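Peer 1: In full-length UniProt numbering, the protein residues as written are 1 to 240.
Ideal Cβ placement from N, Cα and C applies to all residues, glycine included.
Fair warning: this is a prediction, and the values are worked out from it, not measured in the lab.
#1: Count the other CB atoms, across all protein chains shown, that sit within 10 Å of the CB of residue 154; report buried if there are 16 or more and exposed otherwise.
#2: So is residue 40 buried or exposed if we call it buried at 16+ other beta carbons inside 10 Å?
#3: How would you label residue 220, buried or exposed, when you count the other beta carbons within 10 angstroms and need 16 or more for buried?
#4: Helix or strand or just coil, what does DSSP make of residue 237?
#5: Taking the alpha helix (DSSP H) that residue 178 falls in, what are its first and last residues?
#6: Quick one: what does DSSP say residue 113 is sitting in, helix, strand or coil?
#7: Once the 5 residues before and after residue 59 are set aside, which same chain residues still bring their CB inside 7 Å of it?
#8: Cα separation between residue 239 and residue 97?
#9: Go to residue 199, then tell me how far its alpha helix (DSSP H) extends in each direction, as first and last residue.
#10: Can you check the stretch 76-132 for any alpha helix (DSSP H) of at least 4 residues that lies completely inside it and give the ranges in chain order?
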């Protein structure tokens, strides 16, 4: 369960999030949607303590900042150094380090987890390539594999489907569905409204304030979308 109480974020004199309070029960794949500048990425970062904020966020009644080992977070690809000289398998192995004592080397069992994760995302043959040699979709799959080896209870993804191919998007979604079946809670910042009914069982609608949170079939409505997007949205008979 995720619980947020009175979460607010300001950048200088600009209010990015205002008094967000909610409870989200898992397992779930929940989409965070709203217009540009709505505070979607800010919500994830403030929950994780990456940026200054007011209010609190909890995982199962324990503050998130005291439970970071239970969270796997993938930020937007534009903020990740794609040219850093590291192999695919080494990048995936970084997800193991929260559970490995400092200065300890990886064992064969650890590398087996890495290999298994790469197989799940269809990249076994790419283990020894540099990440700079991958396409955008392949690199995003590597980041998902890193989440898999971390074995976190909560997965926070910021725009994971931007700039990737359809095959990678399908592989990632199938992987996330399997994680939900395994009891995980997945939060995804998402912008493509046409995919929302197919990808998410719950939707969190945001525009600096919480518009609504609930099952997609009940929450992803014309009325709520107009509240979030205003005149910038055209909604036609349930299709976008």
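Peer 2: Concretely, from the data shown:
#1: Buried, since its Cβ has 16 or more Cβ neighbours within 10 Å.
#2: When all chains shown are included, residue 40 counts as buried.
#3: Residue 220 counts as buried, since at least 16 other C-beta atoms from the protein chains shown sit within 10 angstroms of its C-beta.
#4: Caution applies to residue 237, whose pLDDT of 43 falls short of 50 and renders its modelled position unreliable; the model cannot decide the point.
#5: Where residue 178 is concerned, the enclosing alpha helix (DSSP H) stretches over 166-181.
#6: Here residue 113 sits in helix by DSSP.
#7: Closer than 7 Å at the Cβ level, and outside the excluded window around residue 59, lie 2, 67, 70, 154.
#8: Note on residue 239: pLDDT 48, under 50, position unreliable in the model; the coordinate value appears next. Spanning the alpha carbons of residue 239 and residue 97 requires a straight line of approximately 44 Å.
#9: DSSP places residue 199 in the uninterrupted alpha helix (DSSP H) bounded by 196-199.
#10: DSSP assignment within the stretch 76-132 yields the following whole alpha helix (DSSP H) runs of 4 residues or more, N-terminal first: 88-93, 108-120.
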